[in-house]
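What follows is a short report on a single structure.
Number of protein chains: 2
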Amino acid sequence: MTDTISIPDLDALVTGIFETAGLSAHQARTVAAVIVAGERDACKSHGIYRIEGCLRTVKAGKVDGRAVPQVDAGDGPVVHVDAAGAFAPAAFDLGLPALEARTRTHGVAVMAINGCTHFSALWPEVEALADRGLAALAMCPSYATVAPTGGNRALLGTNPLAFAWPRRDEPPYVFDFATSVAARGEIELHRQAGTPLPEGWAVDAEGRPTTDPAAALDGAMLPFGGHKGSAIVTMIELLAGVMIGDLTSPEALDYLGTTALSPHHGEIVIAFDPEHFARKRGHDPLQRAEILFEAILDQGARLPSQRRFAARARSLREGVSLSAAERALLARLAAQGLDAV
Amino acid sequence: MTDTISIPDLDALVTGIFETAGLSAHQARTVAAVIVAGERDACKSHGIYRIEGCLRTVKAGKVDGRAVPQVDAGDGPVVHVDAAGAFAPAAFDLGLPALEARTRTHGVAVMAINGCTHFSALWPEVEALADRGLAALAMCPSYATVAPTGGNRALLGTNPLAFAWPRRDEPPYVFDFATSVAARGEIELHRQAGTPLPEGWAVDAEGRPTTDPAAALDGAMLPFGGHKGSAIVTMIELLAGVMIGDLTSPEALDYLGTTALSPHHGEIVIAFDPEHFARKRGHDPLQRAEILFEAILDQGARLPSQRRFAARARSLREGVSLSAAERALLARLAAQGLDAV
């Protein structure tokens, strides 16, 4: 009895789970793709662990698994996508061709997604743009689980910030992180494992520092990088919530009434065409970036996502290992659909 | 004998110093404006302390005080400004009308400034856009004084990141910070005051942690927020250096050969029109942002720049206090121009 599964087989299995749960073929495929990408890249907190939360959100009626997102793109650099209550990866997938085209035309373009349910990492999105030779910066709110620096109550989200820069002969330069000290998923994994949190990650419901994962989940997480990180978290609320007319993190929590479901809000992706900017100066931006990356690596520092890309190469070659519990869970979800959650 | 000076009088004095040093009237006025704004807002590290560095850079022939920046803006959302070796505030000032117009037309626009000498805070620039009802994100390299997380040598810059969001009845929401733990100016002030640095700000020339300001200035500063901040610092090198065909922080240091002069490189400003994005959703983004700001203030947290705006109000009313040494310096610079540095 083997405990490994190939990436295509895992993709088919997860896609099937979402189809059984009633998602449209397009939503099932795009949602499964980002979950399988997480598992493939050894990001356990964004891998198959996320399936149950997605299904609970479907069951609670807080996401429309059959909605068809609508793309509203003129000739200008702003591409609006109304997700119509669908999962975010479906909305991103449908808006991507227009975002790519407008970015090439104008040098810069923005995709504003409204009304999606978000549960995934943002790196699959910025990587999709880097695969097309574009740089991209993506961000979205979450739900109110983070206290602003100097405050003591959950108000802001863990608001992920992701960036990718294309490289010709290597996987792209990519970062994607929660703008809290830790991702909520990491605290959840500590809770499941029964291990204490590092100092400085969170405060309890009374605003006191805590290392107890359960108390942290009842209290508030803290922004990364002190007041500077807190300012960035707030900027994400403004650009990817308020500006595009979608929910901020406190509003997303009000809408759901719980953090046990995936949050409903918007998202923005800002894309840049380095070749467009380069025309004015007659240089090769991708080649010049390599000089910087080499200098970083030369002093023993890492580029972000290097471990993820190494895991990806291994997973594509050998498949991924799943524990007996994980395999049992997938089998149960495949057989019972929404009845399993 | 009074030790206070009104803001208009300080502005006339500083403008006169730069004109005596040979700057064009436009460069003298725009450079003086940001230096006086720093002093007015009690940002001593970006106030009159910066004048001598600017003059040294003029004297060294590394900035062209008489250059006239050229704006190259078509109908699209990218506005190119070739500073032609001028100080950055002159380039920003000349490109601002096109950036504002393109942002209103398209919803998003980018100003790429090339070939400027940068010495100032970025908040005067993002505030200028917020004063026009726009949100803005600005960033630029610096010179190689920061080690990437996991590395041990100066490679990246202190790369400032600034953002502003417009408010109707209050000064804008504004942050502007070095993406190093501390700004180089702060370390320099510690050196002048003979006080040790807090832990975690810097490493010495051998890559070992240090609290000695002089050793830190010989070694490398560290990014804010660990690997997350390091990733953001690198993103700024890519977008505001490599992408726009201008110098990265290590290249800027090579060009100057010293950190005692102001660095020559480029800059990008990304501007957003909240009203443009709002049209699609029929909401008032500025009103909705106030709900978020109120909630932050309600739990005792501060908005960034609150202290700066309080200082501004006081300075506009009462003038600013200058020490005897500061007054003597200004008098000497006014009398001797470049011969004083």
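Protein sequences appear in the order of chains R and Z.
Residue 296 in the working numbering sits at position 296 of the first sequence, and the numbers go up by one each step.
Residue 1139 in the working numbering sits at position 139 of the second sequence, and the numbers go up by one each step.
Backbone N, C-alpha and C fix where the C-beta goes; we use that ideal spot for every residue, glycine too.
Asked                                                                                                                     : Found
Continuous alpha helix (DSSP H) stretch holding Y255/R: start and end                                                     : 249 to 256
Length of the line joining the Cα atoms of G79/R and A73/R                                                                : A small fix is needed here, since residue 79/R is Val in this sequence, not Gly. Distance between the alpha carbons of V79/R and A73/R is about 5 Å.
Cβ separation of L1156/Z and S1249/Z, assumed to be a contact under 8 Å, to the nearest whole Å                           : 5 Å
Interface flag, M243/R vs chain Z, CB-CB below 8 Å                                                                        : yes
Buried versus exposed call for D1339/Z [16 or more other C-beta atoms within 10 Å across all chains shown]                : exposed
G1241/Z (DSSP reduced to helix, strand or coil)                                                                           : helix
Residue interval of the beta strand (DSSP E) (run including W1165/Z)                                                      : 1160 to 1165
Pick from A1109/Z, F1087/Z, R1056/Z that is closest to L1097/Z, judged by C-alpha positions                               : According to the sequence as given, residue 1097/Z is Pro; it is not Leu. For P1097/Z, the nearest C-alpha among the options comes from A1109/Z.
Nearest-angstrom Cα separation, counted from N1152/Z out to R1208/Z                                                       : 8 Å
Rounded C-alpha distance that separates A216/R from R132/R                                                                : 40 Å
Residue-level contact to chain C via CB, F224/R, 8 Å cutoff                                                               : Of the protein chains in the structure, R and Z, none is chain C.
Within-8 Å CB hit, Q299/R to chain Z                                                                                      : yes
8 Å Cβ cutoff, P285/R in contact with chain Z                                                                             : yes
V31/R in three-state terms, based on DSSP                                                                                 : helix
Bridge-paired residues (DSSP) for V1014/Z                                                                                 : DSSP lists no partner for V1014/Z.
DSSP beta-bridge partners of Q70/R                                                                                        : D82/R
Straight-line gap, E100/R to T1004/Z (C-alpha atoms, nearest Å)                                                           : 56 Å
Beta-bridge partners of A1220/Z, as assigned by DSSP                                                                      : V1203/Z
DSSP state of E170/R mapped onto helix, strand, coil                                                                      : coil
Three-way DSSP call (helix, strand, coil) for G22/R in this model                                                         : coil
Host alpha helix (DSSP H) of I1187/Z (start-end)                                                                          : 1184 to 1193
Of the residues A28/R, P223/R, P77/R, M221/R, the one placed nearest A67/R, counting alpha carbons only                   : A28/R
Minimum Cβ-Cβ distance from R132/R to chain Z less than 8 Å                                                               : no
For M1/R, three-class secondary structure by DSSP                                                                         : Residue placement at M1/R is poorly supported in this model, since its pLDDT is 47, which falls under 50; the coordinates are not used for a value here.
Near-chain R residues of the segment 1254 to 1273 of chain Z (beta-carbon distance less than 8 Å), N- to C-terminal order : I1270, F1272
Test: M1/R CB closer than 8 Å to a CB of chain Z                                                                          : With a pLDDT of 47 at M1/R, under the threshold of 50, the predicted position of this residue should be treated as unreliable, though the coordinate-derived value follows. Not an interface residue.
Outcome for P196/R when other beta-carbon atoms lying within 10 angstroms are tallied against a minimum of 16             : exposed
Neighbouring residues, chain Z, relative to E237/R (Cβ below 9 Å)                                                         : A1289, L1292
Cβ neighbour criterion (16 or more within 10 Å) applied to M1/R                                                           : Confidence at M1/R is low in this model, with a pLDDT of 47, below 50, so its placement is unreliable and no value can be given for it.
Outcome for I291/R when other beta-carbon atoms lying within 10 angstroms are tallied against a minimum of 16             : exposed
Sheet register partners of V1269/Z (DSSP bridge)                                                                          : M1111/Z, A1138/Z
Among V174/R, G16/R, P8/R, V81/R, nearest to H343/R - alpha-carbon criterion                                              : Since the displayed chain R opens at 1 and closes at 341, residue 343/R lies outside it and no answer follows.
Close-in-space but distant-in-sequence residues of the same chain around I232/R (CB under 6 Å, 5 per side omitted)        : T179
Three CB pairs or more closer than 8 Å across the segment 1234 to 1251 of chain Z and the segment 1136 to 1148 of chain Z : yes
Same chain, Cβ closer than 8 Å to T259/R, neighbours up to 5 away in sequence not counted                                 : Y143, T145, R184, L217, L253
Contact set for T211/R: own chain, Cβ-Cβ below 6 Å, skip 5 residues either direction                                      : P196, L197
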